[in-house]
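Quick notes on the structure that follows.
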Amino acid sequence: MKQSISEKLKKIKAIAFDIDGVLTDGKVIYLQEAQPESTSTTKEIKNFNVKDGFIIVQMKKMGFIVGAITGRNSAVVRHRSKELNLSFHYHGSKRKTTHYEEIKKQFNLKDEEIAYLGDDIPDLGILTKCGLSCSPADAPAYVRHRVDYVTQAVGGEGVLREIGDMILIAQGKMDQLIEQYIHE
Numbered sequence: 019m020k021q022s023i024s025e026k027l028k029k030i031k032a033i034a035f036d037i038d039g040v041l042t043d044g045k046v047i048y049l050q051e052a053q054p055e056s057t058s059t060t061k062e063i064k065n066f067n068v069k070d071g072f073i074i075v076q077m078k079k080m081g082f083i084v085g086a087i088t089g090r091n092s093a094v095v096r097h098r099s100k101e102l103n104l105s106f107h108y109h110g111s112k113r114k115t116t117h118y119e120e121i122k123k124q125f126n127l128k129d130e131e132i133a134y135l136g137d138d139i140p141d142l143g144i145l146t147k148c149g150l151s152c153s154p155a156d157a158p159a160y161v162r163h164r165v166d167y168v169t170q171a172v173g174g175e176g177v178l179r180e181i182g183d184m185i186l187i188a189q190g191k192m193d194q195l196i197e198q199y200i201h202e
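Here our numbering runs 18 ahead of the position in the sequence shown, where the first position is 1.
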């Protein structure tokens, strides 16, 4: 018998996610600056939603394990991962399921205790194993049809915030977070 989303949300202890297409809109912008003697420097630009960052920090304070498994190796993403003090972050991952299994061992987690947010083919291995599989609204149909929940948000527009809020509400922890800010 298939569990309801509500039942799955209550079991979550960890959230793992892809970056491009989940925490960002999936676009990579390069800025190239001309330098003397025909050399140039290329810089990468990405947009991150601060609402995702806020819920990551709050969930970590509440004891959740939160981290990224991303296929790209990006200095910008490394910086954001360190800034948010993620519990783990794998960059340039060619075999995301291998890293998923490492996370399970490292943090002594079971599949049903992990939510994963992914948007593309390289995420499907984890999305078919984890306890709660989620994709952004703009993920390809062949990904959306294989997950437990499709967010209302598109990639880069608060996908993680939407799932984080759902987990906190299901586990009765959202009121605690709200009260903390009302009475600060």
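For each residue, glycine too, the CB sits at the ideal point set by N, CA and C.
Please report the Cβ distance between residue i and residue j, rounded to the nearest whole angstrom; I am assuming they are in contact, meaning their Cβ atoms lie under 8 Å.
i, j, result
"H109", "G85", "So it is not a contact: roughly 11 Å between Cβ atoms."
"I87", "S105", "Wrong, their Cβ atoms sit about 12 Å apart, outside the cutoff."
"G143", "K26", "With a Cβ gap of about 19 Å, G143 and K26 do not count as contacting."
"I30", "I185", "5 Å"
"I132", "M77", "About 13 Å separates the two Cβ atoms, so there is no contact after all."
"V40", "K64", "In fact, because the Cβ distance is near 12 Å, the residues do not count as touching under 8 Å."
Could you work out which residue in the options is closest to residue i when comparing CA atoms only?
i, options, result
"G190", "M80, S22, G39 and F72", "M80"
"F82", "E197, G182, T59 and D193", "G182"
"F35", "Q170, P140, Q194 and L186", "P140"
"D38", "S92, L142, D193 and Q170", "S92"
"V168", "I87, L135, K64 and G174", "L135"
"E175", "I196, N67, C148 and D156", "N67"
"K69", "D129, E130 and L102", "L102"
"K147", "D129, D156 and A155", "D129"
"R98", "E119, I121, T115 and F72", "F72"
"K28", "E197, A188 and L195", "A188"
Residue i lies in the alpha helix (DSSP H); which residues open and close that run?
i, result
"I33", "Where I33 is concerned, there is no enclosing alpha helix (DSSP H), although the beta strand (DSSP E) it sits in stretches over A32 to F35."
"G182", "V177 to A188"
"F72", "V68 to K79"
"S24", "I23 to K28"
For residue i, count neighbouring C-beta atoms within 10 Å of its own C-beta (all shown protein chains included) and say buried if the count is 16 or more, exposed if not.
i, result
"R179", "buried"
"T42", "buried"
"H163", "exposed"
"D166", "buried"
"A159", "exposed"
"H117", "buried"
"V46", "exposed"
"R113", "exposed"
"S151", "buried"
Starting from residue i and walking both ways along the beta strand (DSSP E), at which residues does that stretch end?
i, result
"A93", "Not the beta strand (DSSP E): A93 falls in the alpha helix (DSSP H), residues A93 to E101."
"F106", "F106 to Y108"
"A159", "Careful: A159 lies outside any beta strand (DSSP E), inside the alpha helix (DSSP H) at A159 to R162."
"L41", "Taken as a continuous stretch (DSSP letters only), L41 belongs to no beta strand (DSSP E), as it is neither H nor E."
"L150", "L150 to S153"
"I83", "I83 to I87"
Taking Cβ positions only, does residue i come closer than 7 Å to chain C?
i, result
"M192", "Protein chains in the displayed structure number just one, and chain C is not present."
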